[in-house]
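> Dropping a structure here in structure tokens format, bear with me for questions.
Residue numbers (the numbering used here): 532 to 770.
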């Protein structure tokens, strides 16, 4: 039926779909892989109906639709764009000694980047004007994360907004909340706890006039960091 309607095999069709699918979503990735297995040229390698149902049930339990939210540019009426951790540039994220990808039910995207140990922490995201509506010119970026330990306490990072290599703005931030205090004190910006239990930290504000990179940076050869779970970033219109 697929070949009759589309003029291509199922494998070719799935290959075409890949470029339209946000591969940061593990459930979509799992469903696509399962479909490929079902169309294996060697019929003995194809899963049985029982195995397909089992795998689909496992995907549903691991990555419920309610926890998944696609990353897409803001529309005219949008107030926020959500960027998964897979879309961020994280130093050493591909090295399993320092980072790992972990599935979480409370994540909006199904999976998060979990910091195991590093001395050099750098998280950034390039945001271009086409990602944002032209109607509004001022935006604020937020890093959304949780802590799985206390090694971040007392560490002050640098948050910057850059245009190419030129720093537009820079500030001091802390990934560790200031207990019972304001979100900003003594020149340092602290995270606040959201209604969904995640922390959000404001690394910078910018306009949509040109492409910018929002960056969080910290390097200390004497202080090993761990216990950071990154869900992603949010970009909102500044009030």
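Glycine residues also receive a C-beta, built at the ideal position from the N, C-alpha and C atoms.
Measuring straight from C-alpha to C-alpha, what distance separates residue 702 and residue 744?
Here residue 702 refers to the residue found at position 171 when the chain shown is read from its first residue. Here residue 744 refers to the residue found at position 213 when the chain shown is read from its first residue. Looking at the two C-alpha atoms, the distance is approximately 14 Å.
> Does residue 613 come out as helix, strand or coil in the three-state DSSP assignment?
In the chain shown, counting from the first residue as 1, residue 613 sits at position 82. Reduced to three states, the DSSP call for residue 613 is strand.
> Would residue 620 pass as a contact of residue 669 if the rule is Cβ separation under 7 Å?
Counted from its first residue, the chain shown places residue 620 at position 89. Counted from its first residue, the chain shown places residue 669 at position 138. No, the Cβ-Cβ distance between residue 620 and residue 669 is not below 7 Å.
> Distance check for residue 663 and residue 740, CA to CA, integer angstroms please.
Counting from 1 along the chain shown, the entry for residue 740 is found at position 209. Counting from 1 along the chain shown, the entry for residue 663 is found at position 132. Going by the C-alpha atoms only, they are around 10 Å apart.
> Please report the distance separating the alpha-carbon of residue 640 from that of residue 762.
Within the chain shown, residue 640 is the residue found at index 109, counting from 1. Within the chain shown, residue 762 is the residue found at index 231, counting from 1. Going by the C-alpha atoms only, they are around 7 Å apart.
> Below 8 Å, can you find three or more Cβ-Cβ pairs linking the region 688–695 to the region 641–650?
The region 688–695, when compared against the region 641–650, does not touch it at the 8 Å Cβ threshold.
> Based on DSSP bridge pairs, tell me the residues matched to residue 672.
In the chain shown, counting from the first residue as 1, residue 672 sits at position 141. In DSSP, residue 672 forms a bridge with 735 and 766.
> Between the Cα of residue 626 and the Cα atoms of 717, 644 and 708, which residue gives the shortest distance?
To locate residue 626, count along the chain shown from 1; it is residue 95. Among 717, 644 and 708, the Cα nearest to that of residue 626 is on 644.
> Does DSSP classify residue 575 as helix, strand or coil?
By one-based count along the chain shown, residue 575 stands at place 44. Correct three-state label for residue 575: helix.
> Would residue 707 pass as a contact of residue 683 if the rule is Cβ separation under 7 Å?
By 1-based counting over the chain shown, the position of residue 707 is 176. By 1-based counting over the chain shown, the position of residue 683 is 152. Result yes, Cβ atoms of residue 707 and residue 683 sit closer than 7 Å.
> Buried or exposed: which applies to residue 720, given that a residue is buried once 16 or more other Cβ atoms fall within 10 Å of its Cβ?
Numbered from 1 along the chain shown, position 189 holds the residue referred to as residue 720. Residue 720 should be labelled buried.
> For residue 578, collect the residues of the same chain with a Cβ closer than 8 Å to its Cβ; drop the 5 residues on either side in sequence, then sort them by chain order.
Taking the chain shown and counting its residues from 1, the one referred to as residue 578 is at position 47. The answer, listed in chain order, is 565, 568, 569 and 586.
> Less than 7 Å between the beta carbons of residue 756 and residue 614, yes or no?
In the chain shown, the residue the question calls residue 756 occupies position 225. In the chain shown, the residue the question calls residue 614 occupies position 83. No, the Cβ-Cβ distance between residue 756 and residue 614 is not below 7 Å.
> Tell me the DSSP bridge mates of residue 644?
By 1-based counting over the chain shown, the position of residue 644 is 113. According to DSSP, which records beta bridges pairwise, residue 644 is partnered with 632 and 761.
> Spell out the partners DSSP gives residue 750 in its beta bridges.
Taking the chain shown and counting its residues from 1, one reaches residue 750 at position 219. Beta-bridge pairing links residue 750 to 651.
> Go to residue 624, then tell me how far its beta strand (DSSP E) extends in each direction, as first and last residue.
Here the question's residue 624 lines up with position 93 in the chain shown. Neither: residue 624 is in no beta strand (DSSP E) and is coded neither H nor E.
> Helix, strand or coil: how does DSSP classify residue 657 here?
Translated into positions along the chain shown, residue 657 becomes position 126. Strand, per DSSP.
> Here's the rule: buried if 16 or more other CB atoms are within 10 angstroms of the residue's CB, otherwise exposed. What is residue 752?
One-based indexing of the chain shown puts residue 752 at position 221. Exposed, because fewer than 16 other Cβ atoms sit within 10 Å of the Cβ of residue 752.
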